[in-house]
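Participant: Take a look at this one; I'll ask things after.
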DNA sequence: GTGTCGATACCAACCGGTCGGTACTGTGTC
DNA sequence: GACACAGTACCGACCGGTTGGTATCGACAC
């Protein structure tokens with residue numbers, strides 16, 4: 001997949017793109033996230049990432065000691081970007097924790113847009129192929145998946161207190177389940193080359209969460225459709 | 001670790017000590033399944049597979065035109081082995097389709113034994129890294145995941161007729177959801193380096209299936225009131 | 001100058017795939 | 001049953017291109 005920055009600059013370009021000075025690392029990380037999501041970690045070469053970032057190997061190995069270190073940094077970069085997306089998502093404004101939990105699923109469904117590599121998860125992708133051979137990558141993916149799950153678990157815990165105080169499950173366990181569904185939905189979407197199956201999975205996940213946090217069990221009341 | 005003799009040997013095999021002459025292909029496929037599940041497709045070299053099978057590159061390229069063709073054959077090999085496992089599993093004997101659906105989840109939970117590469121899914125692993133770069137592998141994984149889901153969907157359809165005739169979901173959609181949970185559970189298990197989280201996910205899946213196929217709702221069979 | 005940052009040139013190891021060759025097996029022929 | 005012959009199964013050295021990583025140097029900022 002040729003990137004758009006392959007094109008040579010126009011002959012009359014006065015300043016060949018003033019490369020701002022501290023930008024290279026971020027560009028490399030952005031490129032790494034995109035390309036690894038599309039091709040996987042092992043199949044992605046350092047040159048691929050450099051080409052995607054419009055830089056050279058000199059820059060790459062100036063910022064990262066190795067390809068593996070770049071992958072770990074890319075996991076952190078991806079997680080940070082994701083966190084800011086979810087932190088500012090509209091569903092976060094709901095007062096009712098149950099609404100936030102269901103809103104999370106709706107939001108995840110809403111962002112199943114564009115091409116597959118644009119909405120699938122770098123962490124799940126790298127985990128699958130590096131979990132045994134690259135411990136540092138595995139640990140990074142585990143950590144950031146866990147941190148995201150912990151955010152979901154907070155809302156679930158609050159909702160549980162209000163709507164299902166006697167539930168059999170723990171908030172952490174249910175939060176991890178939501179992540180499993182999401183990761184699995186991505187796998188199926190990749191296999192089928194389409195996001196529709198992932199949306200269906202999120203519908204099932206929402207239905208499960210609705211039954212486990214029954215709306216009638218607390219003060220808010222909800223009508224059946 | 002290298003399960004060279006997984007196949008049940010014939011009871012009265014003449015068993016000449018030297019490796020029998022038509023065995024190489026099966027050994028290569030067994031090795032490919034094992035190693036790709038542990039390392040991923042791209043990180044697995046042809047030499048790795050040959051070493052795992054105790055053979056040489058000459059043998060490999062005698063049986064497969066390319067590494068990719070071997071991966072496609074390995075997917076088929078893996079799917080065939082899995083199919084025979086599930087076909088003969090005890091839960092298949094249940095008369096009640098609901099019991100078969102729940103028994104399927106219990107069985108999947110029961111086989112979360114041993115090291116991670118031994119129970120995770122080759123199809124999901126290869127899909128994640130090859131879905132864009134190796135169309136033939138993607139298609140094979142899609143096909144075999146779909147065929148397995150279709151088997152699950154049969155039981156779900158029968159259970160739905162009896163226990164949830166008015167359910168919102170289709171059997172196919174719910175069957176795919178079970179596969180998503182399983183694939184996602186594998187991803188989390190790999191990230192955490194342990195199968196416990198996968199078992200938790202299967203508990204949630206079972207709970208969802210129980211609520212969607214309510215046991216008390218069994219309609220009188222055959223005769224309508 | 002000194003340190004940061006990136007480019008260019010280069011290397012040794014490795015990888016998928018090729019190729020000429022060998023060993024074994026089955027078959028038709030006498 | 002000996003033999004020639006053909007086809008299949010397998011071996012392992014080898015090749016060209018690629019890969020992660022290194023060495024060196026120039027350009028700019030302070």
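Protein chains in written order, with the numbering used here: chain A, 1 to 225; chain B, 1 to 225.
A virtual CB, placed ideally from N, CA and C, is assigned to each residue, including glycine.
Bear in mind that the values here come from a model prediction, so they are computed numbers and not experimental data.
(1) With distances taken Cα to Cα, identify the nearest neighbour of residue 104 of chain A among A/63, A/186, A/182.
(2) Within 8 Å of any Cβ in chain A, is that where the Cβ of residue 153 of chain B sits?
(3) For the alpha helix (DSSP H) holding residue 125 of chain A, just list the boundary residues, first then last.
(4) Residues in the region 200–216 of chain B with C-beta within 9 Å of chain A's C-beta atoms, listed in sequence order?
(5) Quick one: residues in its chain with C-beta nearer than 7 Å to the C-beta of residue 136 of chain A, no 5 flanking neighbours on either side, listed in chain order?
(6) Specify, as a first and last residue, the run of the alpha helix (DSSP H) that residue 250 of chain A falls within.
(7) Does residue 38 of chain A come within less than 8 Å of chain B when only Cβ atoms are used?
(8) CB residue 97 of chain B to CB residue 43 of chain B, shorter than 8 Å?
(9) Please report the distance separating the alpha-carbon of residue 49 of chain A from that of residue 62 of chain A.
(10) Please confirm whether residue 98 of chain A has its beta-carbon closer than 8 Å to some beta-carbon of chain B.
(11) List, in order along the chain, the chain A residues whose C-beta lies closer than 8 Å to that of residue 122 of chain B?
(12) Please go through the same chain and pick out, in chain order, the residues whose beta-carbon is closer than 7 Å to the beta-carbon of residue 39 of chain B, but skip the five residues on each side of it.
(13) Provide the residue span of the alpha helix (DSSP H) that contains residue 100 of chain A, from first to last.
(14) Name, going along the chain, the residues of the region 133–148 of chain A whose beta-carbon falls closer than 7 Å to a beta-carbon of chain B.
(15) How about the region 193–204 of chain B and the region 169–178 of chain A: do they share at least three Cβ pairs that are nearer than 8 Å?
(16) Are the beta-carbon atoms belonging to residue 112 of chain B and residue 37 of chain B less than 8 Å from one another?
(17) Against chain A, with Cβ distances strictly below 8 Å, would residue 296 of chain B count as a contact?
(18) Answer yes or no: does any C-beta atom of chain A fall closer than 8 Å to that of residue 12 of chain B?
(19) With a threshold of 7 Å on Cβ separation, who are the neighbours of residue 126 of chain A within its own chain once the five nearest residues in sequence on each side are excluded?
(20) What does the Cβ neighbour count give for residue 30 of chain B, buried or exposed, with the cut at 16 atoms within 10 Å?
(21) Out of curiosity, what's the CA-to-CA distance linking residue 17 of chain B and residue 165 of chain B?
(22) Would you mind reading off the limits of the alpha helix (DSSP H) that contains residue 23 of chain A?
(23) Nearest CA to the CA of residue 92 of chain A: which residue from A/206, A/157, A/107, A/81?
(24) Measuring only the C-alpha atoms, how far is residue 184 of chain B from residue 185 of chain A?
(25) Please list the partners that residue 112 of chain A has in chain B, where partner means a Cβ-to-Cβ separation under 8 Å.
Facilitator: To lay it out plainly:
(1) A/182
(2) no
(3) 122–130
(4) Across the region 200–216 of chain B, CB contacts with chain A closer than 9 Å involve 200, 201, 203, 204, 205, 207, 208, 211, 212, in sequence order along the chain.
(5) Same-chain partners within the cutoff: 68, 72.
(6) The structure shown has nothing for residue 250 of chain A, since chain A only spans 1 to 225.
(7) yes
(8) no
(9) Approximately 14 Å, taken between the alpha carbons.
(10) no
(11) Simply none; closest approach about 11 Å.
(12) none
(13) 97–110
(14) 133, 138, 141, 142, 145
(15) yes
(16) no
(17) A question about residue 296 of chain B goes unanswered here, because the residues of chain B that appear run from 1 up to 225.
(18) For residue 12 of chain B, the pLDDT reaches just 31, beneath the cut-off of 50, and the residue's location in the model is therefore unreliable, leaving the point undetermined.
(19) 36, 41, 71, 75, 137, 141
(20) buried
(21) With a pLDDT of 32 at residue 17 of chain B, under the threshold of 50, the predicted position of this residue should be treated as unreliable, though the coordinate-derived value follows. Approximately 59 Å, taken between the alpha carbons.
(22) From DSSP, residue 23 of chain A is part of no alpha helix (DSSP H); its letter is neither H nor E.
(23) A/107
(24) 7 Å
(25) The premise fails here: residue 112 of chain A is roughly 13 Å from chain B at the closest Cβ pair, so nothing lies under 8 Å.
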